[in-house]
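Heads up: the structure comes next, in structure tokens.
Protein chains: 6
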Amino acid sequence: MLTSFSSYLFVGAHPDDIEIWAGGLIFKIHERNKTAKVYCVVLTDGSAGQGSVQERYEESMEAAKMLRVDSYEFLNFKDASLDFNVELSKVIANLIRKYKPDVLVTHPASDKHPDHAAVGLATSKALFLAMVSPEFLDYEPHLCRNVLRFVSDPFSSPSSRVYVDISEVYEMKKELIAKFKTQLDVLEPYLQLNELYGRMIGVRAAELFEPEVLIF
Amino acid sequence: MLTSFSSYLFVGAHPDDIEIWAGGLIFKIHERNKTAKVYCVVLTDGSAGQGSVQERYEESMEAAKMLRVDSYEFLNFKDASLDFNVELSKVIANLIRKYKPDVLVTHPASDKHPDHAAVGLATSKALFLAMVSPEFLDYEPHLCRNVLRFVSDPFSSPSSRVYVDISEVYEMKKELIAKFKTQLDVLEPYLQLNELYGRMIGVRAAELFEPEVLIF
Amino acid sequence: MLTSFSSYLFVGAHPDDIEIWAGGLIFKIHERNKTAKVYCVVLTDGSAGQGSVQERYEESMEAAKMLRVDSYEFLNFKDASLDFNVELSKVIANLIRKYKPDVLVTHPASDKHPDHAAVGLATSKALFLAMVSPEFLDYEPHLCRNVLRFVSDPFSSPSSRVYVDISEVYEMKKELIAKFKTQLDVLEPYLQLNELYGRMIGVRAAELFEPEVLIF
Amino acid sequence: MLTSFSSYLFVGAHPDDIEIWAGGLIFKIHERNKTAKVYCVVLTDGSAGQGSVQERYEESMEAAKMLRVDSYEFLNFKDASLDFNVELSKVIANLIRKYKPDVLVTHPASDKHPDHAAVGLATSKALFLAMVSPEFLDYEPHLCRNVLRFVSDPFSSPSSRVYVDISEVYEMKKELIAKFKTQLDVLEPYLQLNELYGRMIGVRAAELFEPEVLIF
Amino acid sequence: MLTSFSSYLFVGAHPDDIEIWAGGLIFKIHERNKTAKVYCVVLTDGSAGQGSVQERYEESMEAAKMLRVDSYEFLNFKDASLDFNVELSKVIANLIRKYKPDVLVTHPASDKHPDHAAVGLATSKALFLAMVSPEFLDYEPHLCRNVLRFVSDPFSSPSSRVYVDISEVYEMKKELIAKFKTQLDVLEPYLQLNELYGRMIGVRAAELFEPEVLIF
Amino acid sequence: MLTSFSSYLFVGAHPDDIEIWAGGLIFKIHERNKTAKVYCVVLTDGSAGQGSVQERYEESMEAAKMLRVDSYEFLNFKDASLDFNVELSKVIANLIRKYKPDVLVTHPASDKHPDHAAVGLATSKALFLAMVSPEFLDYEPHLCRNVLRFVSDPFSSPSSRVYVDISEVYEMKKELIAKFKTQLDVLEPYLQLNELYGRMIGVRAAELFEPEVLIF
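If you're matching them up, the sequences are chains Z, P, B, W, V and E in order. The opening residue of the first sequence carries number 1 in this note's numbering; numbering runs sequentially from there. The opening residue of the second sequence carries number 1001 in this note's numbering; numbering runs sequentially from there. The opening residue of the third sequence carries number 2001 in this note's numbering; numbering runs sequentially from there. The opening residue of the fourth sequence carries number 3001 in this note's numbering; numbering runs sequentially from there. The opening residue of the fifth sequence carries number 4001 in this note's numbering; numbering runs sequentially from there. The opening residue of the sixth sequence carries number 5001 in this note's numbering; numbering runs sequentially from there.
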């Protein structure tokens, strides 16, 4: 997978979502495929949690540098307020058309966190909208053929699983997560999950994703 | 996927199951990875359907030649009689230990066909048994880390999907299926499904699988 | 439905199961279609509940007379001991082949009562076995194309529903149920459910079924 | 079924939805019940797909003539933009009240196509709204007691199935579908599905529906 | 449970929802824990059903007296018009923050009644919003740690169940329900369900709830 | 809960299952209710994992002492070989009749571990068998009215949850788990889960259970 795809779009609801659930994957993409493009988009301003909007923005920018992404965009929707509707689907459809990724990685629709669920549901609609020709969208249509979902709700485990062995980049991931100073107590248990997932497949640490569509 | 794995075990309940649901995948494996090992096992004798047991065995042998597999084993259980229990799980666990595949490809537990479902359910147990150390099994323990399921019940569609684009080998697959002379009317609609799956991803023909676990 | 089908097989796990869940339907079948055939089979001897095996047998015979069925068979398996396996599936497959019904009506696989669930699961396998040609079955193959399931677990409501308006035969059904003297306290709440189902569709009383396959 | 109901309302999200999923059923209704009323409503203008809005409208009008429906209404909502909310539910509730059908046939809520899903979800709410007395609706309340869902997402197969044997009208259905000149490549695989469904029940061609509520 | 929690918030979509599904529980709370606080909130005005808005309000006030609740609030949203969105979630989040209950009892998200479902879905979001710090909410954040759902859709039975034995207060509950003079025919079948639930656990009458989270 | 129930039966498939999933609960039961009875039964001999059967037996006996249980029974079925069938159900039904607990705590039927799933499924049947009067069981019938399931498959999270706050006994639980010397590397990640569950409800450590039936 890591060698055959050439561009990835990661969409997170909040600052730190992409890093905590897929930071290791991004590091591995770079290691395996020097020319792969990685785009990140964060939908909300993070105002509902700990830390100020400005602090969280700066933490994300620090992380972005470390991740060496090709683009890191903030859309600044109000945190804790995303609704699943056509408007949100259009926003995500436009992102898919703008970045034209091979692979989209984002939240699952079944996530208990309401913002995550809204993004997850709207993405399903967006994938469809991005492909057809509605005049209310910008950019040219794009069929994004591979979709992975974060396991951003650890209590909503997928029956289909893609594990990414992040053992070789795990120290870097810990360093990456340490950038999010305002969120450390929230994020640490998820690093423990990386170790638990690792044990499941017999390695030091792993990230877990739900494959929605993969094409070989 | 097709380049990173080095051995595959396909387990089908009946003669022709492996070919109709995964024949294209096997051709592609050979094209992409000259050294990959492919093992096939058919559990029952096919006595419940059209054609005699002998005819069906010969058809499978013809197919096996065309597929250039490293092994093609018949276990000759009675067709239409597989029960999901520890005995069947042991049989499959022993296969996993014997062939030690990177990837196991077999029926899903949700399949409406009772033999398929029995195999699907027993496989989940077998994957576990193959890994631990029960003295009642032969061969050394093996952890098979990648599992794909056929979509052998077209009315039981998976929400997680792996499509394999078989456009380039589709003519060969049709030739392969033509070897199963006693089953042609049963098998043809499934070739039409390959074309339908192809349309879904914008290619001529595709095979569809449900990913259970994939490791990258 | 009641005019277009010409034969029905009802399979109940225990004495009184057919009557309490489908007694009204049987009365209505007779009213709408004088030539329709109705066959009933009870799998167990009823020994686990109230009343002796002999008493329960006699109650069923009384009910059978009132229902004017074409056949009422007792298989006398041990109550509370049905296991879902190929053996039970063969028993039911043979019943399907023997009676060759247009419509099969029996328990759902999702039923919480273990005997009901075993019958429900085995029936799915039996429908398949009845159709193919395994030499271990008696009678000629039969494709039973219509299948309804009792809602014999009132806590396991189907999302697909067939209501049969039994208002016109409800007094007869109450009389029928009164034949089961050893079971009256168990059966009465289910008559209340008939009234509740009736309210849902705006009539006095109704029986509820889950349609599995219906062909028009 | 086809003789006992006297009026049908078909609601499709786009031009051609009703015809491709239920065209055969409409032909059969006319054959079995000369006095049955058939009403069709198309919610969106079809602007997101191939063909202009005007072309698609004309194709539908051609089809409507062939189907001999009692009414064929276009509501002209923007294609690819339906949201599931009270507003859409009111629209459908008003249609139920206006046409007062015995049977409503429309998309399922589980459909992957976002417009289909919005219609499917809103219909559940609409059936309820049509029945109670909210002052914000037009027309008198109506309890629509029979509901069938299209299988408009072939990857979202229902466990409860109604097959309509359309063998006798299949040539007419193919002629009907040929009216949709701008959509032929999209529609053809679905005709193949009609043949696949037919094989499942041993006939030439069939349409498949998910029964939600049927009353006998 | 009834002794260890000190405050309860009941949220019903319509007048009489709280009483019919949880009236017995409220009586028992008072019997077991003299100091427990009970707050009730009714979201809509009840204008879609039988009886005028004024009549229904008065019936609820009569019931409130009998229930001896600490607060009984009417929010007067339009009946049959609740949409699941961030706005409704904010309303419920504010209620959780205002009353700061140990236990929240409300409709399940799976309820077929559209208003019930909207409340059920919005509550999941509200529980989250009540806990974080969005500036658009009033009152201080509150983590409500125990959540029970009504079984307000008797056809949507929970697999996890909390039964409350209301035998000792059942006469009072019947008296309570009799206050709702405009709704008697609607409510009576639900009292029969209380008796059916009672039989399931071997007592005279019981109320059934779905436990979402309980902490001991 | 911890004060109102007077006897508990814990059934684990393997040595250490009860301790790792419910050790904290047992300590808390003793603290809250000095007279509560606690019975433990382990079904298999533990021969499939690390450590000899003898070593694992001795570890369990050490743990039993620390837990101060009223009975700790080993049934010595072969590890990794439990099948779900009437025989296993009878075994568990006899345990329910023998110990007559208020509360039964055991594995869930949805568990991915095959032995756990067999126990989980057989328990549902056993609860029924324990209640009726089949002559093939020993002891008098018993209706066990409260049932909790372990979350012994951390990837199969229940939507209904009971958390037990074990903060006050967490040090003791760690000491308890340390008795299982042959299993330490397997067990440690589950202690981390206790801490993760604790964070979810704002305490140091918690055990998680799925409530099946609870009566108040």
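Every residue, glycine too, gets a C-beta built ideally from N, C-alpha and C. Remember, predicted model here, so these are calculated numbers, not experimental data.
How close, in whole Å, do the beta carbons of residue i and residue j come, if the pair is a contact with beta carbons under 8 Å?
i: L3002/W; j: K3028/W; result: 6 Å
i: A4080/V; j: V3132/W; result: 6 Å
i: K1078/P; j: S1047/P; result: 7 Å
i: E5019/E; j: L5193/E; result: In fact, because the Cβ distance is near 14 Å, the residues do not count as touching under 8 Å.
i: A2126/B; j: L2082/B; result: That belief does not hold up - the Cβ atoms of A2126/B and L2082/B are roughly 13 Å apart, past 8 Å.
Can residue i and residue j be called in contact, C-beta distance under 8 Å?
i: R3068/W; j: P3015/W; result: no
i: A3109/W; j: L3095/W; result: no
i: P114/Z; j: F4216/V; result: no
i: R3097/W; j: H3142/W; result: yes
i: K5112/E; j: F5155/E; result: yes
i: G3202/W; j: S3167/W; result: no
i: A5130/E; j: A5178/E; result: no
i: T3119/W; j: V3011/W; result: Reading off the sequence, residue 3119/W comes out as Val, not Thr. Taking 8 Å as the Cβ cut-off, V3119/W and V3011/W qualify as a contacting pair.
i: E4207/V; j: V4147/V; result: no
i: S3160/W; j: S2124/B; result: no
Excluding sequence positions up to five away, which residues of its chain have a Cβ less than 6 Å from the Cβ of residue i?
i: Y2008/B; result: V2038, P2101 and V2103
i: F4150/V; result: W4021 and H4107
i: V5162/E; result: F5209 and P5211
i: Y2099/B; result: L2009 and Y2039
i: F5/Z; result: D102 and V103
i: Y1139/P; result: R1097 and K1098
i: F2084/B; result: A2118, L2121 and A2122
i: S60/Z; result: P15
i: M200/Z; result: none
i: G1051/P; result: T1182
i: D2045/B; result: V2053, N2076 and D2079
At 7 Å on the CB atoms, spell out the chain A contacts of residue i, in chain order.
i: N1085/P; result: Reference to chain A is not applicable here, since the protein chains of this structure are Z, P, B, W, V and E.
Tell me which same chain residues have a C-beta within less than 8 Å of the C-beta of residue i, skipping the five on either side of it?
i: E1195/P; result: R1204 and A1205
i: D3070/W; result: K3037, V3038 and Y3039
i: R5032/E; result: L5002 and T5003
i: S157/Z; result: V151
i: M2066/B; result: M2172, E2175, L2176 and K2179
i: V5169/E; result: G5024, F5027, K5028 and E5031
i: A2231/B; result: Outside the displayed span of chain B (2001 to 2216) sits residue 2231/B, for which this structure offers no information.
Leaving out five residues on either side along the sequence, give the residues of the same chain with a beta carbon under 7 Å from the beta carbon of residue i.
i: L4191/V; result: K4174 and I4177
(request) Quick one: which residues of the segment 5181-5202 of chain E get their C-beta closer than 8 Å to a C-beta of chain V? List them in chain order. (result) I5201 and G5202
(request) Spell out a yes or no on whether the segment 2175-2185 of chain B and the segment 1200-1215 of chain P are touching, meaning 3 or more CB-CB pairs, one atom from each, closer than 8 Å. (result) no
(message) Tell me whether the segment 4036-4052 of chain V and the segment 4074-4089 of chain V touch, counting them as touching only if at least three CB pairs, one residue from each stretch, are closer than 8 Å.
(response) Under the three-pair Cβ rule at 8 Å, the segment 4036-4052 of chain V counts as touching the segment 4074-4089 of chain V.
(message) Along the segment 1131-1160 of chain P, where does the CB come closer than 8 Å to a CB of chain W? Name the residues.
(response) P1154, F1155, S1156 and S1157
(message) If the cut-off is 9 Å on Cβ atoms, which residues from the segment 2029-2042 of chain B count as contacting chain E, listed in chain order?
(response) Residues: none.
(request) Could you please tell me which residues of the segment 5118-5129 of chain E, in chain order, have their CB closer than 8 Å to any CB of chain B? (result) Residues S5124, K5125, F5128 and L5129.
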